[in-house]
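My numbering applies: residue 930 is where the sequence shown begins, and numbers increase by one. Don't be surprised by glycine CBs; every beta carbon is placed ideally from N, CA and C. I have placed the structure first, in the form of structure tokens, so that the comments after it can refer back to it.
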Amino acid sequence: MFEKILIANRGEIACRVIRTAKKLGIATVAVYSDADANAQHVKLADEALYIGQSPATQSYLQADRIIQAAIDTGSQAIHPGYGFLSENDQFALACQQHNICFIGPPVDAILAMGLKATSKALMEKAGVPLTPGYHGTNQDAEFLKQQADQIGYPVLIKASAGGGGKGMSLVERSEDFLHALASCKREAKSSFGNDDVLIERYVIQPRHIEVQVFGDTHGNYVHLFERDCSVQRRHQKVLEEAPAPQMQSEKLDAMRQAAIDAARAVDYVGAGTVEFIVEQDGTAYFMEMNTRLQVEHPVTEMITGEDLVEWQLRVAYGEPLPKLQNELQIHGHALEARIYAEEPEKGFLPAIGKIDYLHYPTQNQYVRVDSGIVEGDEITTYYDPMIAKLIVWGKNREAALIQMQHALSQFHVDGLGNNIAFLEKIVRSDSFKQAKLDTNLIQREQNFLFSPEDIKPELVVAAAFIEFLSKLNNSSSQKQLWQAQPLWRLNISYQHSIKLNYLNQNIQIKFASNEHGFTAEYNGQSYPISGQLIDAHTASVQIGATQQKLSFNQSQQGITLFQNGQSYKFAYIRQDFNQADSQADEGHLKAPMPGVVTQVLVSANHSVKKDDILMTLEAMKMEYTIRAPKDGLIVDSYFQVGDQVKAGDELVEFQPAQEEVA
């Protein structure tokens, strides 16, 4: 086995590879950028080398620096993780030329499967079913539009070199095609250095199912069953599960065999994933093959009991596959939820900033957390905003759903936006519970998923009571809370008011002491209440006959309560609260998040119509469109293509058109 490997990646996947390498007694070398100098993967590795500035193009995508780091440290192999250089044929070739083992497939397999158009031609030859579409090399915009018109709308434009939902767009009308094509090509060029695209018929209500395959240098091929990855936003996966529920066994068998045929057709070695678009009747079409380990590989590990990173290392070293097909079995059901720093209610905009508080669920044989993030870390604009992957297992899908709900209720993040509450609602949604899965699930369930959770008055009182207890505790820091003198003087009533703001509404709760604890007054109602702080983030609160433990976090901004996967933020009221939170003048359009300007389509004195595109921004490999809020005039534009903007920066000055008076 290898004695030392270098991991050409960062974050949770680097930590994941280090964990298996340590188990096998393999020394590890990490690489890092400026932004990752104090990252967990750097701390966990046996050695760490600096490779460049924070942007990935100046660090993790610098193949020559990574190769040199491997040479300098005497690393025998490089594990690329996923993303970055993991599917880069030139990097794999450079490893080969420097006598360094690339822990991945052969260069020819990467080349064959790296471009969607090329891979589809190979798959057609191998008898693997394809989605109707255009997979050729002619990239003329008008020609592609003609092809789309012939295929019939809706169609999908997809980056040929792409993956992870980048460079992909659904087009429903012919008149929208050219604009969508230009956007896809820009995103594909930025993400993959290649702006070639292909056009495919959009399957109505499609499921996204992928098969995990493995090959070795001894001619052995196996599949490790499949994963359903249908729950997506922006063509990116949100929840994954294994095995795929409610699929006919003969359809699954055909898909699994097609995946092995695909791997064998390119003499594949190592871990790969063959992805299919699946009709509701189970008819599957080959979509692409990812020549690397997938983000969602843990669900496969949970149902098979196999360590896929260990399989990668053994196969790369030249060993045969650890198990053959007849030795692999499915045990139970697994789900994975991707915990992102993002704001679902704002179109899934990335959330940038420091994580003030982070509490992971308790890990055991049913619950697993893969992460490279700890409390105090910062989510930056340079990399994917994933905080962690939460993976659960149950003896069946129903048991796994219960485990996921419970684990999400224990997963607490404060300090920046996150999608935990959104994920919890997906798991509770009728479509997901009943396994009515397709890539439109989020849109179909949007009324439920995006409706604000009603907050019970008792929870408002509890939040104020925890704040009240904290103040009392701080005022008598040398004594136990129940010994605080102001509370328990005989025949003297102690009163105090707590003022907070919830969803831009000021609230006030008054507390008065009595012989049993306190009485809280809120909105004309009285609530007998008592309790204590258990630790810095847990309180025991009893309101009337109901007693419960509540998790919370306090910061300079306010107090956040966590309950059943939802978080409730109560802000402290500042003297200038209303002024600080007043809406900005609609004449100034501001950047919704930090990013880079990729297009400026207007200039000073430019007349625009409502919903006209003014600018586009790119952040974390996603493109966001800034549109005119109504008809009007652009007074001035403040940024150019390539400029970096911060959240809240004024992009243009906009003057609404004068409305005619009847």
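{"query": "The stretch 1260–1272 contacting the stretch 1219–1235, beta-carbon criterion three pairs below 8 Å", "result": "yes"}
{"query": "Close-in-space but distant-in-sequence residues of the same chain around N1149 (CB under 7 Å, 5 per side omitted)", "result": "P1249, L1250, L1253"}
{"query": "Residue range of the unbroken alpha helix (DSSP H) whose run includes T1229", "result": "1226–1233"}
{"query": "Under 8 Å between C-beta atoms of A1038 and T1220", "result": "yes"}
{"query": "Cβ contact (3+ pairs, closer than 8 Å) linking the stretch 1541–1550 and the stretch 1518–1525", "result": "yes"}
{"query": "beta-carbon T1310 near the ligand ATP non-hydrogen atom, thresh 7 Å", "result": "The model depicted lacks the ligand ATP and carries no ligand whatsoever."}
{"query": "Helix, strand or coil at A992 according to DSSP, with G and I counted as helix", "result": "helix"}
{"query": "Rounded C-alpha distance that separates R1185 from A1393", "result": "55 Å"}
{"query": "With 16 other Cβ atoms within 10 Å as the buried cut-off, status of T1467", "result": "exposed"}
{"query": "Supposed contact pair L978 and T916 - C-beta distance, whole angstroms, cut 8 Å", "result": "Since the displayed the chain opens at 930 and closes at 1591, residue 916 lies outside it and no answer follows."}
{"query": "Helix, strand or coil at K1360 according to DSSP, with G and I counted as helix", "result": "Note that residue 1360 is Ser in the sequence shown here, rather than Lys. Looking at S1360 - three-state DSSP - the assignment turns out to be helix."}
{"query": "Beta-carbon proximity of E1387 to Q1495, cut-off 8 Å", "result": "no"}
{"query": "Range of the contiguous beta strand (DSSP E) that encloses D1425", "result": "Per the sequence shown, the amino acid found at residue 1425 is His instead of Asp. From DSSP, the beta strand (DSSP E) with H1425 extends over 1424–1431."}
{"query": "P1279 burial status per 10 Å Cβ neighbour count (16 or more: buried)", "result": "buried"}
{"query": "N- and C-terminal bounds of the alpha helix (DSSP H) containing E1139", "result": "Element bounds for E1139: not the alpha helix (DSSP H) but the beta strand (DSSP E), 1136–1144."}
{"query": "N- and C-terminal bounds of the beta strand (DSSP E) containing E1129", "result": "1126–1130"}
{"query": "DSSP three-state assignment for I1395, whether helix, strand or coil", "result": "helix"}
{"query": "CB contact flag (I1316, S1300, <8 Å)", "result": "yes"}
{"query": "Three-state secondary structure assigned by DSSP to P1558", "result": "coil"}
{"query": "Extent of the continuous beta strand (DSSP E) run through D1343", "result": "1341–1343"}
{"query": "Per-residue burial, T1233 [other beta carbons within 10 Å of its own, 16 or more giving buried]", "result": "buried"}
{"query": "Check whether G1010 and N938 have beta carbons under 8 Å apart", "result": "yes"}
{"query": "Secondary structure, beta strand (DSSP E): runs of 3+ residues fully inside the stretch 957–1033", "result": "976–981, 1006–1008"}
{"query": "Nearest residue (CA-CA) to L1562, options L1051, Q1584, V1574", "result": "Q1584"}
{"query": "Beta-bridge partners of Y1269, as assigned by DSSP", "result": "M1315"}
{"query": "Range of the contiguous alpha helix (DSSP H) that encloses E1327", "result": "1326–1338"}
{"query": "Beta-carbon spacing of A1021, I934 below 8 Å", "result": "no"}
{"query": "Where the alpha helix (DSSP H) containing M1042 begins and where it ends", "result": "1036–1043"}
{"query": "8 Å Cβ cutoff met for D1343 and P1135", "result": "no"}
{"query": "Member of Q1437, K1354, D1182 whose CA lies at the smallest distance from the CA of P1425", "result": "With the sequence shown as reference, residue 1425 is identified as His, and Pro is not the correct amino acid for it. Among Q1437, K1354, D1182, the Cα nearest to that of H1425 belongs to Q1437."}
{"query": "Cut-off 6 Å between Cβ atoms - residues of its own chain near I1472, not counting five sequence neighbours on either side", "result": "E1387, Y1456, I1458"}
{"query": "Own chain residues within Cβ distance below 7 Å of Q997, not counting five before or after", "result": "none"}
{"query": "For F1215, three-class secondary structure by DSSP", "result": "strand"}
{"query": "Expected contact under 8 Å - CB spacing of A1557 and K1575 to nearest Å", "result": "Actually they are not in contact, since the Cβ atoms of A1557 and K1575 sit about 22 Å apart, beyond 8 Å."}
{"query": "Distance CB(V1356)-CB(L1330) smaller than 8 Å", "result": "yes"}
{"query": "Alpha-carbon spacing of S1484 relative to D1285, whole angstroms", "result": "8 Å"}
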